[in-house]
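Step one of this worksheet: look at the structure below.
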Amino acid sequence: MAGTWFLPLLFAALVLNCYGQDKKIHIVYMGDLPKAGPSTASLHHTMLEDVLGSSAHAKESLVYSYGRSFNGFAAKLSDDEVAKFQEGDGVVSVLPNKIFTLHTTRSWDFTGLPQTHFGSPHEGDVIVGLLDTGIWPEAASFADEGFGPPPAKWKGTCQTADNVTCNNKLIGARFYNSENSYDVSDFKSVRDSEGHGTHTSSTAAGRAVEGASFLGLAEGVARGAVPQARIAMYKVCWAYGCASADILAAFDDAIADGVDIISVSLGSSLPAEYFEDEIAIGSFHAMKKGVLTSNSAGNSGPDPFSVSNYSPWSLTVAASTIDRKFVAQVVLGDGQTLTGNAINPFELNGTSLPLIYGGAAPNVSAGASKDISKFCDPGALNSYKTTGKIVICEGINDGSGVMEADGLGTIMFDSAYSDFAFSYPLPATLLNIEDGIKAVNYAQTADYPIGTILAGETWKDVAAPRVVSFSSRGPNPITADILKPDLTAPGVDILAAWSPVAPPSINSEDTRRVKYNIISGTSMSCPHASGAAAYIKSFYPNWSPAAIKSALMTTAFVMDGRKNEDAEFAYGSGHINPSAALNPGLVYDASEKDYVDFLCKQGYNTTTLRLVTGDSSTCDGISPGTAWDLNYPSFALSIQDGLPISGTFQRTVTNVGLSNSTYYANVYMPSLVKVTVEPSILSFSSLGEKKSFTVKVSGGVIAQQPIISGYISWKDGLHTVRSPLVVYTVLPSSTQTDFNKGASFKGSSMYHKNGIVGN
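Just so you know, we're using our numbering here: the sequence shown kicks off at 249 and counts up by one.
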């Protein structure tokens, strides 16, 4: 017996291995809802019972049963169990529970939608659903004074944990946490501890709030595009990130609850095929029910192929500047005045303080050298030398190292982050390299170096709009001939509502608390597009997601390619123009059938598509090929290196302008490329009438061509319906796929825990 003492432990280990030790949450996606038969919940339980061996194990394993808007479930499964489901009938894909990351007083005026804009009497019927970090219900942006009851179509609920209350403005609140993982900072409710979701909600549809500011900066009226619209929050993000099983559960609920627009300011940093991408799956089923999903493009720019959320049925939004920037100047003791980027509400009142270069104050006792201390990281500075001084640091930091060493301010310098500003927990500014070296030279050569950091100011940015450096770029990593991003919107230094328990700066230990905050990211541009889409929806409630998307894209402000070297791969169709989008003249509409045909050409088979669509869709007679015939509002032609330019696009436009109208084609393209439009004249005699045309693109052999930019526009004397046309080269398909999956994706490096820059 002495030699067999381990057998009970071995048996216990085997049991744990079989029943949960190595089990992880996976999503079993099964497509559209079944038309008949048992309930989805019953079906999911039976499937789990068959694979796991008992009803008890099935019940214990199940995390979510998706069955309100599409079919599928999330469950804790071992690798062997995953394999069995992958082989089973009726399953489209089995996906691990991935963790995604989070990708205003002036911005709406800059888009051409002033506070006095013409509103729709049906604005109160529009519901914007947001998948985010939650919301702070008590914020003034979500007050419901003067609001009537929610529209009758609303089928949602308000989960009231943590004293959350909804009203006639914030009409819905749900939260999801499949990992059952909570940080000490998390509220176990829809209440927002990060600030991100409160910010995006108020940007899209917050009511007008007078006198909003960030500690006195950017004071004015904070508002959304549709101040009378309703908001529903679906909290899917926590301190650890945003789980894909929760994201799908939120889509399932939001679609069934009756939202009109879904705003998703988060995403993955790695590309995936459409039905292996939970946001693409959710937005596909939203599209089927007439709901447009607006997505952030990601913060992995300016690298090429870094754009995320690229499905053709959703709207992908890049981030660009507005005509306001935040600066904080440094005045040195020798009279030099240097200008840096910072959101700096601190007042030193012109008082000069001693200056020291971080590299001259290493914490030797902690093992730091001057080459370490120059970056001012926590523990690297000698407080005997830095106490009471402004510390000059190389690179960007969150201020914690200087504060820990009893410094009173920091002057940083770096070549990055030159086109937007951060907020810090102490007086600070970020200089460029040249000016930073000037400050260091002064600090190291003056007998008694002194200086001061002036309070932050707002300056006019005459170069706006420009796509910001962090905004993710195309080309599209999955479908080369669908141009992504679709358009750009304000995403830099945006003021909006904030959670009063969240730190307002990039330092998570910042103890200040604010009601409104200024942050940057494609997370901020996405709700601008979501709000604009809701604005159009309030006037045209029967327009399809594709029609709304087309209206926004074809009326966008034309961007200056000289300011954006990545051109359309940075900004798509241009900068959002909500007022013009109300009267686009023509729209490129698309139905579920159009997307199914597109998917057939992408290589999906009839069996898979019938599961997704829930009908008799077929790929019979449709061979794998290009995306040229999808009725998209932009044109992209990818050419393999060393081949001639050649492509033919089929498009159909629907008249939504004047009953009797005639449109004439106008084409611009560099001489290297020839473009013909047939017919070049489209005449309409009624609203809703459709006309088709063909675009033929040709030219000589090209190689290593990053992008050739042009456009096609239709004009009737009143409307201009403009679509970008780009030609570029790609590697052979197998090589390109390997490249896309590799180092071109940096991840969401711009994301900070407190949501200062989200996806």
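We put the CB at the ideal spot given by N, CA and C, even for glycine.
- When only Cα atoms are considered, Asp-619 and Ala-664 end up about 20 Å apart.
- With a beta-carbon spacing of about 3 Å, Gly-947 and Ile-893 fall inside the 8 Å limit used to define contacts.
- DSSP places Ala-545 outside any beta strand (DSSP E), giving it a letter other than H or E.
- Out of Ala-913, Ser-919, Ser-933, the CA that lies nearest to the CA of Glu-926 is found in Ala-913.
- In the DSSP assignment, Gly-445 falls outside any beta strand (DSSP E) and lies within the alpha helix (DSSP H) extending over 444 to 453.
- Straight across, the Cα-Cα distance linking Ala-609 with Asn-630 is about 5 Å.
- When DSSP states are grouped into helix, strand and coil, Gly-947 belongs to the strand group.
- Scanning its chain for C-beta atoms nearer than 8 Å, with the 5 sequence neighbours on each side dropped, one finds around Gln-407 the residues Ala-421, Arg-422, Phe-423, Ser-437, Val-438, in chain order.
- Straight-line spacing of the CA atoms in Lys-939 and Leu-930 works out to 7 Å.
- A Cβ-Cβ contact shorter than 8 Å links Tyr-819 with Met-807.
- Ser-492 sits in a helix when the DSSP states are folded into three classes.
- Annotation: Thr-585 to Val-578 spans about 6 Å, alpha carbon to alpha carbon.
- Remark: C-beta atoms of Tyr-976 and Arg-899 do not approach each other more closely than 8 Å.
- Under a 10 Å Cβ-count criterion, Glu-526 is classified as buried, with 16 or more other Cβ atoms of the shown protein chains found around its own Cβ.
- Nearest neighbour of Trp-561 by Cα position, chosen from Ile-604, Glu-652, Val-844, turns out to be Val-844.
- In the structure shown, Lys-403 falls within a coil segment according to DSSP collapsed to helix, strand and coil.
- For Cys-774, the enclosing alpha helix (DSSP H) stretches over residues 770 to 787.
- Per the coordinates, the alpha-carbon of Lys-307 lies some 14 Å from the alpha-carbon of Lys-271.
- Nearest neighbour of Asp-501 by Cα position, chosen from Ser-957, Met-481, Asp-741, turns out to be Met-481.
- Here the alpha carbons of Ile-659 and Ala-653 stand approximately 15 Å from one another.
- Annotated three-state conformation of Asp-298 is helix, per DSSP.
- A residue is called buried once 16 or more other Cβ atoms fall within 10 Å of its Cβ, and Asn-724 is buried on that count.
- Taking a C-beta distance under 8 Å as the contact criterion, Ser-720 and Ser-554 qualify as a contact pair.
- Excluding residues up to 5 positions away in sequence, Ser-433, Asp-434, Phe-435, Ser-747, Val-749, Ala-750 lie with their Cβ nearer than 7 Å to the Cβ of Ser-441 in the same chain.
- Taken atom to atom, the span from the alpha-carbon of Val-376 to that of Leu-678 is near 37 Å.
- Non-local C-beta neighbours of Gly-890 in its own chain, meaning closer than 7 Å and more than five positions away in sequence, comprise Val-949, Ala-951, ordered along the chain.
- In summary, Asp-380 is buried, with 16 or more beta-carbon neighbours lying within 10 Å of its beta-carbon over all protein chains present.
- The alpha-carbon of Asp-494 is positioned some 22 Å away from that of Gly-538.
- For His-274, the beta-bridge partners assigned by DSSP are Ala-323, Pro-344.
- Linking Pro-286 to Ile-503 through their CA atoms gives a straight-line distance of about 22 Å.
- Under a 10 Å Cβ-count criterion, Lys-483 is classified as buried, with 16 or more other Cβ atoms of the shown protein chains found around its own Cβ.
- The count of Cβ pairs closer than 8 Å, one atom from the region 471 to 480 and one from the region 293 to 311, stays below three, leaving the stretches out of contact.
- Cβ contact annotation for Ala-691 (same chain, cutoff 7 Å, sequence separation greater than five): Leu-603, Ile-604, Tyr-605, Ile-640, Pro-697, in chain order.
- A buried status is given to Thr-448, since no fewer than 16 other beta-carbon atoms sit within 10 Å of its beta-carbon.
- Distances from the CA of Ser-919 to each of Leu-878, Leu-702, Gly-958 were compared; the closest alpha carbon is that of Gly-958.
- Here Asn-415 carries a coil assignment [DSSP, helix/strand/coil].
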